[in-house]
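This report concerns only the one structure given below.
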Amino acid sequence: MKKLLVANWKMNKNGKECLEFIDSFKAKFSAKRDAWIAPQSVFVKLVINSGVPAGLQNCSEFIHGAYTGEVSARTFKEMDGHFVILGHSERRQYFQETSKNLNAKVKTALKEGLVVIYCIGETLAERESNQTLSIIGDQIHQGLNDLSEAHAENLVLAYEPVWAIGTGKTATPAQAQEVHAFIRAEMAKKFPSFGDKVRILYGGSVKPDNVEELLAQKDIDGGLVGGASLKASDFLALCGDK
Ligand code: PEP
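Read in order, the letters of the sequence shown are residues 38 to 279 in the working numbering.
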């Protein structure tokens, strides 16, 4: 399977900047690697129209109704949306999302036919007290509890150590590989028919100058990228297109 690079633009870029990025990106993108983009939700249509697989950065656990401010996975799928990022550490940190309450969103989005990129990762304090693998295990088992195997095939996991997001600190390839191998083993136990083939992305200060050594690791299938996805030339470099 091709390596997958996912741009998480967070709450950045206006409409003009989205269009400029897409033009520059498409002019040089060779599709050697897969590339997906999650803009602010008000601009998803611009990405969908460009033909680049488009994603949300969050969605509701509900499908429709009186839920002011929420975005529906069903509506997004109907407009040819492709994926949703769930459980990003910023959502966990600032919006009280937990693996337990994310489980409902994961189920809804998968049921509606979206690919779910489920984010997990430990804090610095958890790493320093040797809890990394138990935290990751809990996040997997709580967030992905009780999914049907058929729906779960549309899962992608993103390992994002919280201490590496937007800080310039990257996990070493060996640190990332150790956790990715653990995630793959847990997924294989949980979903015996396909769990070992699930794509597992690394996120946390991925940049053009460290991407190749990260992607060279056996269990790193791609990257979820914040800062370095904002400039088309950097994102192209991550996609292997200089
Ligand atoms: C992210 O927000 O998912 C992320 C990994 O950000 P950055 O690449 O800026 O560390």
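Glycine residues also receive a C-beta, built at the ideal position from the N, C-alpha and C atoms.
All values reported here derive from a predicted model rather than from experimental measurement.
- Inclusion of phenylalanine 219 and isoleucine 173 in the CB contact set at 9 angstroms is warranted, their separation being smaller than that value.
- Inclusion of threonine 204 in the 8 angstroms shell around ligand 1 follows from its C-beta lying nearer than that to a non-hydrogen atom of the ligand.
- In the DSSP annotation of this structure, the continuous segment of the alpha helix (DSSP H) that includes isoleucine 172 starts and ends at 169-180.
- Take threonine 145, set aside five residues on each side of it, and the residues of its chain with a beta-carbon closer than 8 angstroms to its own are Cys96, Ser97, Glu98, Phe99, Ile100, Ala110, in chain order.
- When DSSP states are grouped into helix, strand and coil, isoleucine 122 belongs to the strand group.
- Secondary structure of leucine 41 (DSSP, three-state): strand.
- Following the DSSP letters along the chain, one finds glycine 52 inside the alpha helix (DSSP H) bounded by residues 52-65.
- The residues His125, Ser126, Cys156, Ile157, Gly158, Tyr239, Gly240, Gly241, Leu261, in chain order, have a CB closer than 8 angstroms to that of glutamate 197 in the same chain once the five nearest residues on each side in sequence are set aside.
- Look at serine 136: its beta carbon is at least 8 angstroms from all of the heavy atoms in ligand 1.
- With respect to leucine 252, alanine 265 sits apart: the two C-beta atoms are not nearer than 9 angstroms.
- Residue state for isoleucine 202 is assigned as coil, using DSSP reduced to three classes.
- Relative to leucine 139, the option among Ala211, Lys114, Asp183 whose CA is nearest is Asp183.
- Going by DSSP, isoleucine 85 is part of no beta strand (DSSP E) but of the alpha helix (DSSP H) stretching over 81-87.
- Within the same chain, and ignoring the five residues on either side of alanine 195 in sequence, the residues whose Cβ sits closer than 6 angstroms to its Cβ are Ile154, Cys156, Leu238, Gly240, Leu261.
- If you compare the alpha carbons of Gly52, Met116, Ala225 with that of glutamate 186, the shortest gap goes to Ala225.
- Between leucine 181 and valine 216 a beta carbon distance of about 16 angstroms is seen, past the 8 angstroms cut, so the two are scored as non-contacting.
- Under the DSSP definition of a beta bridge, isoleucine 154 partners with Ile122, Val193.
- Taking 8 angstroms as the cut-off, one finds at least one heavy atom of ligand 1 near enough to the beta carbon of valine 243.
- If you check the CB distance, lysine 69 and glycine 263 do not come in under 9 angstroms.
- Taking all protein chains in view, the Cβ of proline 90 is crowded by 16 or more other Cβ atoms within 10 Å, so the residue is classified as buried.
- Between glutamine 94 and alanine 72 a beta carbon distance of about 16 angstroms is seen, past the 8 angstroms cut, so the two are scored as non-contacting.
- By the neighbour-count criterion, in which a residue is buried when 16 or more other Cβ atoms sit within 10 angstroms of its Cβ, glutamine 130 is exposed.
- For asparagine 191, the closest alpha carbon among the candidates Val84, Phe62, Glu134, Phe228 is that of Phe228.
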